[in-house]
Amino acid sequence: MTVEPASEIFILKRNTPENIKDWVAAQKTKGRKFLMFLSSNGIKMHGYIKLLEVVFQVATQEIIGNKVDDVVVKRQNQTLDNVLAKVADTYMKAIRTGIASIALKTKPTLTAVVCSSDHNERIYKSPIVGRNASEQNIPPGTVVDTKIVSPVINEFYLNSHSAIQGTANTPKYSLVFDDSDIPMDALELITHGLCFLHAIMPATVAEPVPLKVAGNSAKRGHDNFIANS
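Whatever position you read off the sequence shown (first residue = 1), add 4 for the working numbering.
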């Protein structure tokens, strides 16, 4: 008895971006619910950007003809400085091209936020109470968007989780692209709400759940790729 795997991985190094649509159609006939796109070292930037454009087309086919008001893109990165410009320029151009290519009846606005924990800032209660580090942590839902943020771009620190061991590493969120004029308060509220979506535990997690799911899926895909290479 042959059992079909639950998912397949589209590896850009072995295919071309134009093959994605046929590949996705084949996966749908097999009843696959999870699709993964993998780019690896050695892929030229123009190939990766084309991949982004076509993937966006595929992902939005189900909403053609419907009204799409706003698209929020969140990206997780451990090294923040080297990715802000790339997200604001290269990635957003690719997504814009993808949106234009499917001719939606409305023109959705775009908001791009980069999440990073690669910073040295630690936020404590004032005054500091308790002897243990966890007793000094700020409560879940605490937002800091003044004083210690960048004077150049809009940033905020959002501590959405409750750290029970050690000092909480509060994620920093950087707004790198926005043409929707979304208020920062609304963006902070949306970001905090996404931290409630973990299906296994009822408590909030440190980062938006879609980022954690994407990160876990990417790691699993990478490990499978290495194991079968």
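Backbone N, C-alpha and C fix where the C-beta goes; we use that ideal spot for every residue, glycine too.
Starting from the C-beta of residue i, find all residues in its chain whose C-beta is less than 7 Å away, skip the five residues before and the five after it, and write them out in chain order.
i, result
"I132", "Q140"
"M96", "L114, A116 and F181"
"S233", "none"
Report all residues from its chain with a CB closer than 8 Å to the CB of residue i; omit the five preceding and five following residues, and keep chain order.
i, result
"G170", "A137 and S138"
"M205", "none"
"K129", "Q140, N141 and I142"
Assuming the contact rule is C-beta atoms closer than 8 Å, residue i and residue j should be a hit. Round their C-beta distance to whole Å, please.
i, j, result
"T174", "I127", "5 Å"
"A207", "S178", "So it is not a contact: roughly 25 Å between Cβ atoms."
"A203", "S164", "Their Cβ separation, rounded to whole angstroms, is 16 Å, which puts A203 and S164 out of contact at 8 Å."
"I152", "E125", "6 Å"
Under DSSP, the alpha helix (DSSP H) around residue i begins and ends at which residues?
i, result
"S221", "V213 to A231"
"M188", "M188 to L198"
In terms of residue numbering, what span does the beta strand (DSSP E) encompassing residue i cover?
i, result
"S178", "K176 to D182"
"G116", "For the record, residue 116 in the displayed sequence is Ala; it is not Gly. Here the beta strand (DSSP E) through A116 covers T113 to S120."
"T146", "T146 to V148"
"L162", "N158 to N163"
Residue i by DSSP, collapsed to three states: which one?
i, result
"A172", "coil"
"E125", "coil"
"D73", "Residue confidence is low: D73 scores 48 on pLDDT, short of 50, so the model does not pin down where it sits. Its coordinate-derived value is still stated next. Coil, per DSSP."
"N141", "strand"
"T94", "helix"
"I47", "Annotation note: pLDDT 42 at I47 (below 50); position unreliable, coordinate value reported separately. Note: I47 maps to coil in three-state DSSP."
"S130", "coil"
"I204", "coil"
"R100", "helix"
"D185", "coil"
"N23", "helix"
"T33", "helix"
"A89", "helix"
"S316", "Since the displayed the chain opens at 5 and closes at 233, residue 316 lies outside it and no answer follows."
"L42", "Caution applies to L42, whose pLDDT of 48 falls short of 50 and renders its modelled position unreliable; the value that the coordinates give is listed next. If DSSP states are grouped into helix, strand and coil, L42 belongs with the strands."
Who are the near neighbours of residue i in its chain, counting only those whose CB is closer than 6 Å to its CB and skipping five residues on each side?
i, result
"K111", "none"
"T146", "N163"
"L201", "V213"
"N23", "none"
"I168", "S138"
Check whether the stretch 221-229 touches the stretch 188-202, taking contact to mean three or more Cβ pairs, one atom from each stretch, closer than 8 Å. no
Would you say the stretch 143-161 touches the stretch 98-107, given that touching needs at least three Cβ pairs under 8 Å? no
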